[in-house]
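These notes are about the structure you will find just below.
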Amino acid sequence: MKTMLALGLALLVAGCTGHQAGRNEPALREVFKGVRVDPARGLIEIDGRVATDVHDQDTPDVYLEVIVCTRDTREHESLVVIDAAAAQVHAALLLIGLEPGHPGGWKDEGGRLVPIKPQGDPVRVTLAYTLDGKACESPCEAWITVGPGRQDPGPLEFVFAGSGFRVYDGVERYLADLEGTVVGLTTFGTELIAPTSMHHPDSRVETPTLMARSDVIPAFGEPVTVRIHAIRDKSAP
Numbered sequence: 006m007k008t009m010l011a012l013g014l015a016l017l018v019a020g021c022t023g024h025q026a027g028r029n030e031p032a033l034r035e036v037f038k039g040v041r042v043d044p045a046r047g048l049i050e051i052d053g054r055v056a057t058d059v060h061d062q063d064t065p066d067v068y069l070e071v072i073v074c075t076r077d078t079r080e081h082e083s084l085v086v087i088d089a090a091a092a093q094v095h096a097a098l099l100l101i102g103l104e105p106g107h108p109g110g111w112k113d114e115g116g117r118l119v120p121i122k123p124q125g126d127p128v129r130v131t132l133a134y135t136l137d138g139k140a141c142e143s144p145c146e147a148w149i150t151v152g153p154g155r156q157d158p159g160p161l162e163f164v165f166a167g168s169g170f171r172v173y174d175g176v177e178r179y180l181a182d183l184e185g186t187v188v189g190l191t192t193f194g195t196e197l198i199a200p201t202s203m204h205h206p207d208s209r210v211e212t213p214t215l216m217a218r219s220d221v222i223p224a225f226g227e228p229v230t231v232r233i234h235a236i237r238d239k240s241a242p
């Protein structure tokens with residue numbers, strides 16, 4: 006399975022490295038539709054849009070389990086949806102020199118769930134958007150509040166976990182594409198990019214508290230650029 010993962014991502018990378026930026030071209034270059042990379046700055050950008058309506062007065066509490074998802078997967082519980090495939094985002098992260106680890110998970114030890122921390126190169130995730138006519142960029146956690154007191158979640162740390170593969174009907178499939186878990190918030194165990202803080206997605210195990218902060222989020226469907234920044238200095242916050 007690891008061989009298939011390496012081969013599949015190598016083919017993706019091989020298909021998007023043929024063009025070299027010229028002297029007068031911007032540093033960011035598109036390697037897949039809606040996905041741009043700048044290896045020198047350790048940056049990738051992904052075109053997206055606001056995934057769900059957080060301004061509906063009839064449903065003011067929008068609970069979250071994912072920060073960024075792929076189309077037709079988890080929009081109802083995500084902040085941003087992208088059209089690019091999760092495997093393409095994975096390939097873009099490889100192009101800026103990052104190494105994947107593994108997603109987090111949970112194991113049963115005598116009837117008690119014990120968290121298994123995600124591993125991988127550290128990254129920052131920011132969102133660029135327009136709100137009230139002003140261009141904004143903020144850490145993705147600025148769009149999150151913790152209920153019921155609507156508290157600030159504080160800084161979130163993320164790693165390039167790398168998701169994984171599973172065989173369905175004899176075909177090996179990339180899990181983040183199947184489940185839409187591009188940038189996670191709760192821990193399903195399939196995240197491409199995972200927060201190091203862990204929350205169980207099952208409400209029978211952990212009471213949901215992570216919600217969308219509607220006062221800073223644009224209207225449903227408005228454009229959002231997801232920016233993933235490599236953290237070169239491993240001691241950086």
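If you read the sequence shown in the numbering used here, its first letter stands for residue 6, the second for the next number, and so on.
Positions of the beta carbon are idealized from the N, C-alpha and C atoms, including for glycine.
No experiment lies behind these values; they were computed from the predicted model shown.
Counting every other CB atom within 10 Å of its CB across the protein chains shown gives TYR173 a total below 16, marking it as exposed. The three-state reading of DSSP puts GLN93 in helix, counting H, G and I together. A straight line joining the alpha-carbon of ALA32 with that of ALA133 spans about 18 Å. In this structure GLY47 is in contact with HIS234, their Cβ atoms being roughly 6 Å apart against a cut-off of 8 Å. Contact annotation: PHE163 and PRO105 have beta-carbon atoms that are not nearer than 8 Å. Rounded to the nearest whole angstrom, the CA to CA distance from GLU227 to TRP148 is 14 Å.
Boundaries for LEU180: no beta strand (DSSP E) harbours it, while the alpha helix (DSSP H) harbouring it runs 180 to 184, taken from the DSSP string. Of the residues ARG237, ILE101 and GLN93, the one whose Cα lies closest to the Cα of LYS38 is GLN93. Counting along the chain, HIS107 sits inside the beta strand (DSSP E) bounded by residues 105 to 107.
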